[in-house]
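2 protein chains.
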Amino acid sequence: MKSYKEKKVISIGVVSELTGLSERQIRYYEQRKLIQPERSKGGTRKYSFLDVEGLVDIANKMEDGMQTFEIRKQAKQRLAKEDIKKKMLRGQLNTAFPNQR
Amino acid sequence: MKSYKEKKVISIGVVSELTGLSERQIRYYEQRKLIQPERSKGGTRKYSFLDVEGLVDIANKMEDGMQTFEIRKQAKQRLAKEDIKKKMLRGQLNTAFPNQR
DNA sequence: CGTGTAAGGAATTCTGACACG
DNA sequence: CGTGTAAGGAATTCTGACACG
Chain A
1 MKSYKEKKVI SIGVVSELTG LSERQIRYYE QRKLIQPERS KGGTRKYSFL
51 DVEGLVDIAN KMEDGMQTFE IRKQAKQRLA KEDIKKKMLR GQLNTAFPNQ
101 R
Chain B
102 MKSYKEKKVI SIGVVSELTG LSERQIRYYE QRKLIQPERS KGGTRKYSFL
152 DVEGLVDIAN KMEDGMQTFE IRKQAKQRLA KEDIKKKMLR GQLNTAFPNQ
202 R
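Protein chains in written order, with this note's numbering: chain A, 1 to 101; chain B, 102 to 202.
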């Protein structure tokens, strides 16, 4: 049921204040697939606190001279690894407790 | 350092969606001192998730036929009691562990 | 590549008031 | 008392583009 941290309720102006990034930068990072806010009926972007945290991370990496495509690649790898871990864990559980479910 | 739950970052339109209340109602409850959002430089209201929860509570009480001034009174009493509890606890601690600090 | 900016328009919010009850 | 609504204006956000580098 999605905690508050993941609820997309913050408008770009507030996100800009919270992160210190310009709205231009925030929209650009979205275009580069680094974040994906939701949209209101009218089309205004809505972010979560998790998105805000992600943007701060992104900002730090950009400062370190990393490019957007590298940041995106890194994020994907991280997700892939987590996915593998979950699957391995599931496999081990199935081996230890077969016939479950 | 204020958790996300207490950060005032949500605009009234989103609060309206989250609570099911009309913007009119939300502004009215503010006028009656039941909630106190912050304001952006431009003057737009900003609410926290805690405010949203409070509004849901208020909505329930209104449904039960309670009036705004009663809800406000009730809220004040609750705060006063909590304050007393804290002070009593502090007093007991000071008695048990004098000369501390 | 990443970001600033001016441009025009659309969505969002604000206040004070009238209405009903 | 609590809430809906139309009114006019201001703040906020959106997109596509030009600029620089």
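Each residue gets a CB set at the ideal place from its N, CA and C atoms; glycine is no exception.
How close, in whole Å, do the beta carbons of residue i and residue j come, if the pair is a contact with beta carbons under 8 Å?
i: B:I136; j: B:G114; result: About 16 Å; that fails the 8 Å criterion.
i: A:E23; j: A:S16; result: 5 Å
i: B:T120; j: B:V153; result: 6 Å
Once you ignore the five residues that flank residue i on each side, which residues in its own chain have a CB closer than 7 Å to its CB?
i: B:K109; result: P138, E139, K147, Y148 and S149
i: B:R173; result: R133, K134 and L135
i: A:L21; result: L55 and A59
i: B:R128; result: none
i: B:E131; result: Q137 and P138
i: B:L151; result: K106 and E107
i: A:R102; result: In the structure as shown, chain A begins at 1 and stops at 101. Residue 102 of chain A is therefore absent and cannot be evaluated.
Mapping the DSSP letters down to three states, classify residue i as helix, strand or coil.
i: B:I111; result: strand
i: B:R140; result: strand
i: A:K33; result: coil
i: A:K76; result: helix
i: A:K85; result: helix
i: B:K106; result: helix
Going along chain B in order, which residues have a C-beta closer than 8 Å to the C-beta of residue i?
i: A:I10; result: V110 and I111
Leaving out five residues on either side along the sequence, give the residues of the same chain with a beta carbon under 8 Å from the beta carbon of residue i.
i: A:F102; result: An answer regarding residue 102 of chain A cannot be provided, because it is not within the stretch 1 to 101 covered by chain A.
i: B:S112; result: T145, R146, K147 and Y148
i: A:S40; result: K46
i: A:K87; result: none
What does residue i touch in chain B if you count any residue whose Cβ is under 7 Å from its own?
i: A:K5; result: Y105
In chain B, which residues lie with their C-beta within 9 Å of the C-beta of residue i?
i: A:F49; result: Y105, K108 and V110
Using a cut-off of 8 Å between C-beta atoms, extract the partners of residue i located in chain A.
i: B:V157; result: Within 8 Å Cβ-Cβ: nothing; B:V157 doesn't reach chain A, min ~14 Å.
Could you name the residues of the same chain whose beta carbon sits closer than 6 Å to that of residue i, not counting the 5 residues immediately before and after it, in chain order?
i: B:K162; result: I172
i: A:Q25; result: none
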